[in-house]
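The block underneath contains the structure these notes are about, expressed in structure tokens.
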Amino acid sequence: MDKRIATLLTTALVLGLSACSSSDELVSKTPFPTFSEVDMEGNEVTNDIFSEYDATIVNFWNNGCGTCIEEMPELEEYFQDFQEKNINLIGVASDSGESEEQLETARKILKEKGVTYTNLSPDPDQALYTDFISQLAGYPTTYVIDSEGNIVGAPIIGNVKAQEDTLNARLEQAMDG
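All residue numbers for the sequence shown refer to the working numbering, where the first residue is 8 and numbers rise by one.
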């Protein structure tokens, strides 16, 4: 009986994987959570910002993540290059809302790395943090969001530049809408 179960599970897994890889089309659209947060200067930013661009890259990072900090100059390059294509980039300093000290550390990191793109400082008591950020598997985690506020594809975990083909494919999907 154990052999039959193993065979059934293997068959289901193979069929499931082949079904997933048979098409690059986006099967479903998952809305990015509704939010109202402040950026590093205290300006309010809401998810309405997504409608202003054909696509938005949202990069979640934290103060203690070396990979996150190392990739900031690369993300800044993307931000500069993508502006003419109506693609935005937003950083989310995940732990910067936990204390004034964390916020100052995040601001210092952004300044040292020459970051000019918007970075949010999420309130740990708000839904974006409690329902979404707290569920992230690791840092950095990057999402591509279409102009309707939907997440396109799975998150990109790790250095974005090392997964540039995936990023570009997701951006294409977002812009083809």
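Just so it is clear, CB atoms sit at the ideal spot from N, CA and C, and this is done for glycine as well. Since this is a predicted model, take the numbers as computed values, not measurements.
The straight-line gap separating the alpha-carbon atoms of D61 and E108 is approximately 35 Å. Ranked by how close their Cα comes to the Cα of E78, the residues Q170, E179, F42, K92 have Q170 in first place. No residue range can be given for E59, since it is assigned to no alpha helix (DSSP H) and is classified by DSSP as neither H nor E.
Here DSSP, grouped into helix, strand and coil, assigns S141 to helix. Under DSSP, V151 shares a beta bridge with I64, V159.
Pairing G98 with N157, the inter-Cα distance amounts to about 17 Å.
Burial state of D172 is exposed, judged by a 10 Å Cβ sphere holding fewer than 16 other Cβ atoms. DSSP places D172 inside the alpha helix (DSSP H), whose first and last residues are 171-183. For Y150, the CB contacts under 6 Å within the same chain, skipping 5 residues up- and downstream, are V65, I158, P162 in chain order. Taking each of F39, G71, Y136 in turn and checking the Cα distance to G104, the smallest one comes out for Y136. Rounded to the nearest angstrom, the Cβ distance from P147 to G121 is 17 Å, too far for a contact under 8 Å. Counting along the chain, D46 sits inside the beta strand (DSSP E) bounded by residues 43-46. When secondary structure is reduced to three states using DSSP, G73 falls in the helix class.
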